[in-house]
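Report on one structure; see the data block that follows.
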Amino acid sequence: MKNVYSVGQVNSYIRNMFSQDFMLRSIYVRGEVSNCKYHSSGHLYFTLKDEKGAIACVMFSGYRKGLKFRLEEGQQVVALGSVEVYERDGKYQLYAREIIPDGAGFLYEKFERLKKELEERGLFAPEYKQPVPKYIRTLGVVTAPAGAAVQDIINITHRRNPYVQIILYPAIVQGDQAVPSIVNGIHALERIGVDVMIVGRGGGSIEDLWAFNDEAVAQAVFDCSVPVISAVGHETDTTIIDFVSDLRAPTPSAAAELAVYDVRQLLGLLQDRKEDLNRRMRNRLGREQLRLQHARQRMQYLSPASRIREKRMQAVRLEEDLNAAMRRILDERRSRLRLYVEKLKGLSPLDKLSQGFSRLEDEEGHTLCDIEKILPGDLLTIYVKNGRVLAEAKETSAWDPRKGAGRVKDISRNAFHEM
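Using our numbering, you'd call the opening residue of the sequence shown number -5 and step up by one each time.
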């Protein structure tokens, strides 16, 4: 028997054939979900079927993170993945990378192509994003005039800042007329000169939101000179203008909160700043008053009048010190003078004369204190308390003061006569 192959060889050959087919490496498959099982490992096993057949599918846990809904029995979905052969069982199956609800598959593929094209053209580049002003006066809104989205924007805007003026452009947001209506609304609000613009609508299916995935709308948002906030659908919905706009909000309510600053927060901040400024002013005034007081005291100390008063007080103190010193000197000199006076009294001839002593001079005016110098017949002058006596010596005799006075020989008063 020729050309006999094992089962494994056949399965391997078939697997290689599948892997070489370019179409099978990235294919969209539409069908109804059946036999859906969430494995504990995180993998998802299910079957896609229609009226003509079925195909086994698996989505590994790494790709399940991108699944935005829970897969359930009976759902109509479109799965993107690759068809490969599992050699062990000899079965082929679809290895799904993305799963989207049926009806959105074509639009989703178109969305991805346009997204890639606009990104290559630079419409998503961050350097073209305009900053949204923190404080605004006018808010432009491009959305349907009736609906929850516009009511949410109005309510939140009035609650956060009732002074902000809302200018609504009632646009058609769904259907064939939606794209030109949204573009005209963006241009109209730009001409009015609003401070910031919200472009969006409430939630819906991908078909309902498709107007915001149009290239013309994306180009109008990119060319707008007014900062644009996109607010389309719910938080999980993503449209092309979310990438082109200057800021993306998950919901219209969130867009209003991003566009309008809460005036209550501003007033609270202003109050805090006011209190802080008053405190700083009080502290500054206190410091300056203290400095002024020190300067005033220093000026008073250094002023000419103060210096004059100080010098005057110093002169008064010096005068007092001088007077006290002079009094001390005078008292000392008076005491010394009294001592000298007393000493002079003891040495004064007049005082001696007053005590009964007398002074004897010879004719030439020499004081005589020795009898050896007196001869009989000498003329003598005797000074007493109140005058003088002229006498002539008749006789002299010596005596020893230590032995007492001897008797003087007959010296009679008649022996003296006045000149």
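Quick reminder that beta carbons are idealized off the backbone N, C-alpha and C, glycines included. A quick note: this is a predicted structure, and the numbers were derived from the prediction, not measured.
For a quick check, are the C-beta atoms of residue i and residue j less than 8 Å apart?
| i | j | result |
| --- | --- | --- |
| I234 | L112 | yes |
| E229 | P246 | no |
| C30 | Q87 | no |
| P125 | D189 | no |
| I192 | A140 | no |
| K35 | S55 | Per the sequence shown, the amino acid found at residue 35 is Ser instead of Lys. Contact flag set, yes. |
| N155 | V257 | yes |
| D208 | V173 | yes |
| I180 | V215 | yes |
| L38 | M53 | yes |
| V177 | A210 | yes |
| L183 | Y163 | yes |
| G194 | A165 | no |
| T151 | I161 | no |
Whole-angstrom Cβ separation of residue i and residue j, contact assumed at under 8 Å?
| i | j | result |
| --- | --- | --- |
| D44 | E66 | The Cβ separation is near 17 Å, so there is no contact. |
| E358 | G371 | With 8 Å as the limit, E358 and G371 do not qualify as a contact, their Cβ atoms being about 16 Å apart. |
| G169 | G196 | No, G169 and G196 are not in contact; Cβ-Cβ is about 15 Å, not under 8 Å. |
| A90 | A73 | 4 Å |
| L374 | D356 | 7 Å |
| E81 | R9 | 6 Å |
| L203 | D240 | With 8 Å as the limit, L203 and D240 do not qualify as a contact, their Cβ atoms being about 20 Å apart. |
Rounded to whole angstroms, what is the Cα-Cα separation between residue i and residue j?
| i | j | result |
| --- | --- | --- |
| H411 | T361 | Per-residue confidence for H411 stands at a pLDDT of 40, beneath the threshold of 50, marking its modelled position as unreliable; no derived number is given. |
| R311 | L341 | 44 Å |
| E251 | V238 | 20 Å |
| N423 | V79 | Only positions -5 to 413 of the chain appear in this structure, which leaves residue 423 out of reach. |
| D217 | G60 | 32 Å |
| I376 | V335 | 26 Å |
| V77 | S175 | 43 Å |
| R267 | L260 | 10 Å |
| K437 | K367 | With the chain covering only -5 through 413, there is no way to say anything about residue 437. |
| F206 | Y32 | 35 Å |
| G84 | A138 | 56 Å |
| R107 | L263 | 47 Å |
| I186 | V220 | 10 Å |
| R1 | K62 | Position check: residue 1 holds Val in this sequence, whereas Arg was assumed. Cα-Cα distance, rounded: 40 Å. |
| V71 | K104 | 17 Å |
| M413 | R330 | Per-residue confidence for M413 stands at a pLDDT of 37, beneath the threshold of 50, marking its modelled position as unreliable; no derived number is given. |
| L117 | Q213 | 8 Å |
| I130 | R58 | 43 Å |
| V136 | K109 | 22 Å |
| A299 | Q265 | 49 Å |
| G381 | L354 | 12 Å |
| F40 | Y(-1) | 32 Å |
| V378 | W393 | 22 Å |
| R415 | L333 | This structure does not reach residue 415, given that the chain is present from -5 up to 413, and the question cannot be answered. |
| Q283 | L271 | 18 Å |
| V23 | G68 | 15 Å |
| D316 | A309 | Before going further, note that residue 316 is Leu rather than Asp in the sequence given. In a straight line, the C-alpha of L316 is about 10 Å away from that of A309. |
| R285 | R278 | 10 Å |
| S20 | Q14 | 12 Å |
| L384 | S391 | 20 Å |
| E313 | R303 | 15 Å |
| Y7 | F16 | 16 Å |
| S199 | R153 | 30 Å |
| R115 | R274 | 54 Å |
| R306 | R276 | 41 Å |
| F351 | C363 | 12 Å |
| Y295 | Q287 | 12 Å |
| Q171 | D236 | 21 Å |
| R328 | M293 | 49 Å |
| I94 | L18 | 19 Å |
| R401 | E326 | Low local confidence applies: a pLDDT of 46 at R401 is under 50, so the model's placement there is unreliable, with the coordinate-based value given in what follows. Their Cα atoms are separated by approximately 50 Å. |
Segments of 4+ residues assigned as alpha helix (DSSP H) that fall wholly inside the region 32 to 99:
55 to 58
Whole beta strand (DSSP E) elements within the region 220 to 249, 3-residue minimum
222 to 226
What are the complete alpha helix (DSSP H) segments, minimum 4 residues, inside the region 121 to 181?
142 to 154
If we count Cβ pairs, one from each stretch, closer than 8 Å, do we get three or more for the region 145 to 156 versus the region 253 to 264?
yes
Whole beta strand (DSSP E) runs in the region 289 to 362 with 3 or more residues, listed along the chain?
Counting whole runs of 3 or more residues, the region 289 to 362 contains the beta strand (DSSP E) stretches 353 to 355.
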